[in-house]
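Peer 1:
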Amino acid sequence: MTVAIIDYGSGNLRSAAKAFERMVRETGRSDDILVTSDADVVRQSDHIVLPGVGAFADCRRGLYAVDGMVDALQHVVVDKGQPFLGICVGMQLMATVGREHGEHAGLDWIKGDIVPLSPADASLKVPHMGWNDLQIKENQHPVLSGIDTGDHVYFVHSYHLRTEDPAHILATVDYGEAVTAIVGRDNLIGTQFHPEKSQQVGLHLIANFLNWKP
Amino acid sequence: MLKSRIIPCLDVKDGRVVKGINFVNLVDAGDPVEQARVYDEQGADELCFLDITASSDNRDSMYDVISGTAEKCFMPLTVGGGVRTTEDIRKLLLAGADKVSINTAAVTNPEFVREAAQKFGSQCTVVAVDAKSTGPDTWEIFTHGGRNATGLEAVAWCQRMVELGAGEILLTSMDRDGTKKGFNLPLTRAVADAIPAPVIASGGVGTLDHMVEGITEGHATGVLAASIFHFGTYTIAQTKAHMKAAGLAVRD
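These protein sequence lines map, in sequence, to chains A and B. For the record, in the first sequence the residue sitting at position 146 is 281 according to the working numbering, with numbers rising by one throughout. For the record, in the second sequence the residue sitting at position 146 is 342 according to the working numbering, with numbers rising by one throughout.
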């Protein structure tokens with residue numbers, strides 16, 4: 136099996152690739168982990184990972200600037216239904232629209248928008264940075280198997296995803312309000328936190344994703 | 197809820213740990229990657245490497261340290277020391293750092309902070325601030341390990357850094373660094389209350405109560421310490437247990 140981690144110039148992909156490689160080894164799999172900016176490679180891949188750090192608009196611009204990449208994503212993820220994981224801003228790009236520094240259209244795979252975190256409690260800093268505990272809403276999801284309410288994962292973000300359909304929210308995190316931590320439907324899943332930086336819980340989620348056959 | 201972060205810091209010179217924890221089970225106590233692995237296993241919430249390599253000829257050793265750590269530790273890693281250009285940042289991130297702390301270069305060219313935040317995002321742009329008391333409730337920024345005064349007032353400086361795009365302030369009290377007398381709490385609180393971004397308190401930790409005070413009285417969201425961990429005085433787990441007993445939210 137081939138796992139494509141999409142490289143569109145957003146941040147550090149080394150740690151994501153290392154985490155996937157580690158879980159391939161630990162679970163006795165033999166998948167190829169490819170960090171790639173080649174749309175043709177993405178079209179042929181079995182599992183797709185879209186990372187992303189920084190601002191929504193910058194990431195969107197970077198992704199759309201890679202020749203053929205958005206078409207390849209639509210083909211492999213929407214038409215072929217291959218498993219997809221969005222991480223942080225990669226998850227936010229799944230939404231309809233991002234409202235960070237203006238309005239920017241997302242991939243529109245999860246109906247909803249990306250809005251600023253604005254906790255009423257002034258002692259809650261923005262960015263939301265650090266370890267926070269998950270409230271799992273969808274216990275039966277295969278990618279969340281073995282991950283429980285109360286498990287800690289690592290967040291760094293100033294914006295969050297509001298979905299139109301509450302059923303798309305698989306887990307939340309409490310930061311002044313219930314903030315979307317994991318979204319998903321069908322063959323799509325996205326995490327606001329960084330599984331590749333979340334020690335055992337994150338590595339476990341990555342292993343589940345590798346085994347996922349939606 | 198968000199947990200208070202406990203962050204061990206390792207000073208690295210020419211690719212080696214300067215003050216390393218001396219555990220019997222360590223294969224090589226001077227190897228930063230081994231030390232990072234120990235902290236990872238103990239439950240550290242993040243790791244911080246400070247590169248104090250004097251000669252730029254030896255700076256490449258740091259990239260090996262970072263990439264070796266990134267192979268083994270799947271937790272956030274901040275790297276600072278000698279960061280001057282966006283190319284420096286790019287190389288550190290590609291080696292496996294998640295955040296890069298900028299210190300002197302922010303003072304000599306504040307626009308560099310904006311440039312870094314625009315290019316790599318605020319989430320990885322940490323500004324390290326070394327402050328010294330210059331009177332009651334006033335603190336001044338110093339560079340070069342506390343030797344060079346800048347005339348910049350600490351609270352206003354931190355506010356400016358956040359406006360330019362810093363996602364986090366790593367705040368070290370030069371008066372307290374190395375004293376084991378605890379954080380400079382008035383300084384920490386003054387900065388933490390003045391900016392929307394998280395503040396990491398640093399400098400002066402000698403006891404576990406100091407770690408607690410950094411959060412409760414200093415209003416920091418993370419506490420950084422070096423020597424109490426280096427010398428094995430306390431483990432990360434002991435620190436967390438103590439903070440939890442004091443009523444703070446920590447990651448178990």
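Quick reminder that beta carbons are idealized off the backbone N, C-alpha and C, glycines included. Fair warning: this is a prediction, and the values are worked out from it, not measured in the lab.
1) Can you tell which of B/Thr429, B/Thr282, B/Met370, B/Glu409 has the C-alpha that lies nearest to the C-alpha of B/Ala442?
2) Looking only at its chain, what residues have a beta carbon closer than 8 angstroms to the beta carbon of B/Glu455, apart from the 5 residues adjacent to it on each side?
3) Between A/Val188 and B/Gln319, how many whole angstroms is the CB-CB distance? I'm expecting something under 8 angstroms.
4) Within a Cβ cutoff of 8 angstroms, which residues of the same chain sit near B/Ala437, ignoring the five residues on either side of it in sequence?
5) Where does the unbroken alpha helix (DSSP H) through B/Asp284 begin, and where does it stop?
6) I need the boundaries of the alpha helix (DSSP H) containing A/Asn343, first residue and last residue.
7) Would you kindly work out how many angstroms separate the C-alpha atoms of A/Glu238 and B/Thr274, rounded to a whole number?
8) Give, in chain order, every residue of the region 289 to 301 of chain B whose Cβ lies closer than 9 angstroms to some Cβ of chain E.
9) Quick one: list the residues of chain A neighbouring B/Glu267, beta-carbon separation under 7 angstroms, in chain order.
10) Given a limit of 7 angstroms on CB to CB distance, which residues of the region 187 to 208 of chain A reach chain B?
11) Check B/Met271 in the structure and name its three-state DSSP category.
12) Determine the contact status of B/Thr341 and B/Ser369, defining contact as a CB-CB distance below 9 angstroms.
13) For A/Lys260, which residues in chain B fall below 7 angstroms Cβ to Cβ?
14) Hey, B/Thr384 and B/Leu360: beta-carbon distance below 9 angstroms or not?
15) Less than 9 angstroms between CB atoms is the rule here; does B/Val357 satisfy it with respect to chain A?
16) Taking C-beta pairs closer than 8 angstroms, name the residues in chain A that B/Arg280 reaches, listed in chain order.
17) If we call anything under 9 angstroms between Cβ atoms a contact, is B/Gly418 one with B/Pro394?
18) I believe B/Lys199 touches A/Trp266 by the beta-carbon criterion, under 8 angstroms. Please report the beta-carbon distance rounded to the nearest angstrom.
19) For B/Phe308, name the three-state secondary structure that DSSP assigns.
20) Quick one: grab the DSSP three-state call for B/Cys320.
21) When burial is assigned at 16 or more other CB atoms within 10 Å of the CB, is B/Asp389 buried or exposed?
22) Does B/Leu404 come out as helix, strand or coil in the three-state DSSP assignment?
23) If the cut is a Cβ gap below 7 angstroms, which residues of chain A does B/Lys328 touch?
24) Please state whether DSSP places B/Trp453 in a helix, a strand or coil.
25) May I ask you to verify whether the region 154 to 164 of chain A touches the region 193 to 201 of chain A, counting CB pairs closer than 8 angstroms and requiring at least 3?
26) Let me check one thing: in DSSP terms, what residues is A/Ala139 bridge-paired to?
27) Look at B/Val351 and B/Thr321 and say whether their C-beta atoms are less than 9 angstroms apart.
28) For A/Leu169 and A/Ile141, I'd like the C-alpha separation in whole angstroms.
29) Looking at C-alpha atoms only, which residue of B/Leu290, B/Asp294, B/Val325, B/Leu288 is the closest neighbour of B/Arg304?
30) Identify each residue in the region 313 to 334 of chain A for which the Cβ-Cβ distance to at least one residue of chain B is less than 9 angstroms, and report them in chain order.
31) Within 10 angstroms of the Cβ of B/Ala416, are there 16 or more other Cβ atoms? Answer buried if so, exposed if not.
32) Going along the chain, which residues of its own chain have a beta-carbon closer than 6 angstroms to the beta-carbon of A/Glu299, five neighbours each way excluded?
33) Compile a chain-ordered list of the residues in the region 228 to 253 of chain A whose CB is closer than 8 angstroms to at least one CB of chain B.
34) Just to confirm my understanding: we take A/His287, look at its own chain, exclude 5 residues before and 5 after, and list those with CB closer than 6 angstroms. What are they?
35) Does any residue of chain B have a CB that is nearer than 9 angstroms to the CB of A/Trp266?
36) Answer yes or no: does any C-beta atom of chain B fall closer than 9 angstroms to that of A/Ser293?
Peer 2: In this structure, then:
1) Along the second sequence, one-based indexing puts residue 442 of chain B at 246. Per the Cα distances, B/Glu409.
2) Beyond the ends of chain B as shown, which are 197 and 448, falls residue 455 of chain B; an answer cannot be given.
3) What you label residue 188 of chain A is simply residue 53 of the first sequence in a count that begins at 1. What you label residue 319 of chain B is simply residue 123 of the second sequence in a count that begins at 1. About 6 angstroms; that satisfies the 8 angstroms criterion.
4) Taking the first residue of the second sequence as position 1, residue 437 of chain B is located at position 241. There are no such residues.
5) Sequence index remark: in the second sequence, residue 284 of chain B carries index 88 (1-based). B/Asp284 -> alpha helix (DSSP H) spans 282 to 291.
6) In the first sequence, residue 343 of chain A corresponds to position 208, counting from 1. 334 to 346 is the extent of the alpha helix (DSSP H) around A/Asn343.
7) For this step, residue 238 of chain A is matched to residue 103 along the first sequence. For this step, residue 274 of chain B is matched to residue 78 along the second sequence. Between the alpha carbons of A/Glu238 and B/Thr274 lies a gap of roughly 32 angstroms.
8) The displayed structure is made up of protein chains A and B, and chain E is not among them.
9) Counting from 1 along the second sequence, the entry for residue 267 of chain B is found at position 71. Those within 7 angstroms of B/Glu267 in chain A are Lys153.
10) Cβ contacts with chain B come from Val188, Gly189, Ala190.
11) The residue labelled residue 271 of chain B in the question sits at position 75 within the second sequence. If DSSP states are grouped into helix, strand and coil, B/Met271 belongs with coil.
12) Residue 341 of chain B sits at position 145 when you count from the first residue of the second sequence. Residue 369 of chain B sits at position 173 when you count from the first residue of the second sequence. Position check: residue 341 of chain B holds Gly in this sequence, whereas Thr was assumed. No, the Cβ-Cβ distance between B/Gly341 and B/Ser369 is not below 9 angstroms.
13) In the first sequence, counting from the first residue as 1, residue 260 of chain A sits at position 125. What A/Lys260 touches in chain B: Pro392, Ala393, Pro394, Thr417.
14) Counting from 1 along the second sequence, the entry for residue 384 of chain B is found at position 188. Counting from 1 along the second sequence, the entry for residue 360 of chain B is found at position 164. Their beta carbons are not under 9 angstroms apart, which means B/Thr384 does not touch B/Leu360 by this criterion.
15) For this step, residue 357 of chain B is matched to residue 161 along the second sequence. Looking at the sequence itself, residue 357 of chain B is Met, so the reference to Val does not match. Taking Cβ atoms only, chain A never reaches closer than 9 angstroms to B/Met357, which makes this a no.
16) Locating residue 280 of chain B in the second sequence gives position 84, counting from the first residue. Simply none; closest approach about 19 angstroms.
17) On the second sequence, residue 418 of chain B is found 222 positions in, with the first residue counted as 1. On the second sequence, residue 394 of chain B is found 198 positions in, with the first residue counted as 1. Their beta carbons are under 9 angstroms apart, which means B/Gly418 touches B/Pro394 by this criterion.
18) Here the question's residue 199 of chain B lines up with position 3 in the second sequence. Here the question's residue 266 of chain A lines up with position 131 in the first sequence. Sure, about 5 angstroms apart at Cβ, within 8 angstroms.
19) The count along the second sequence starts at 1 and reaches residue 308 of chain B at position 112. In this structure, B/Phe308 counts as helix in the three-state DSSP scheme.
20) Position 124 of the second sequence, counted from the first residue, corresponds to residue 320 of chain B. Residue state, collapsed to three classes: helix.
21) One-based indexing of the second sequence puts residue 389 of chain B at position 193. B/Asp389 comes out exposed.
22) In the second sequence, residue 404 of chain B corresponds to position 208, counting from 1. Judged by DSSP in its simplified three-state form, B/Leu404 adopts helix.
23) The residue you call residue 328 of chain B lines up with position 132 of the second sequence. The contacting residues do not exist; B/Lys328 stays about 25 angstroms from chain A at best.
24) Because residue 453 of chain B is not part of the residues shown, which for chain B are 197 to 448, the question remains open.
25) no
26) For the purposes of this step, residue 139 of chain A is taken as the residue at position 4 of the first sequence. Answer is A/Leu169, A/Ile183, bridged to A/Ala139.
27) Translated into the one-based positions of the second sequence, residue 351 of chain B becomes position 155. Translated into the one-based positions of the second sequence, residue 321 of chain B becomes position 125. Not in contact: B/Val351 and B/Thr321 (Cβ atoms no closer than 9 angstroms).
28) Within the first sequence, residue 169 of chain A is the residue found at index 34, counting from 1. Within the first sequence, residue 141 of chain A is the residue found at index 6, counting from 1. If I take the Cα positions, the gap works out to 8 angstroms.
29) As a first step, residue 304 of chain B is located in the second sequence; it is residue number 108 there, counting from the start. In the sequence as displayed, the identity of residue 304 of chain B is Thr instead of Arg. The shortest C-alpha separation from B/Thr304 is found at B/Val325.
30) The residues in question are His329, Pro330, Glu331, Lys332, Ser333, Gln334.
31) For the purposes of this step, residue 416 of chain B is identified with residue 220 of the second sequence, where counting begins at 1. So B/Ala416 counts as buried.
32) By one-based count along the first sequence, residue 299 of chain A stands at place 164. Hits under 6 angstroms: Lys246, Gly247.
33) none
34) Taking the first sequence and counting its residues from 1, one reaches residue 287 of chain A at position 152. Closer than 6 angstroms at the Cβ level, and outside the excluded window around A/His287, lie Trp266, Asp268.
35) In the first sequence, residue 266 of chain A corresponds to position 131, counting from 1. True, the Cβ-Cβ gap to chain B drops below 9 angstroms.
36) Position 158 of the first sequence, counting from 1, holds the residue named residue 293 of chain A. Yes - at least one Cβ of chain B is within 9 angstroms of the one on A/Ser293.
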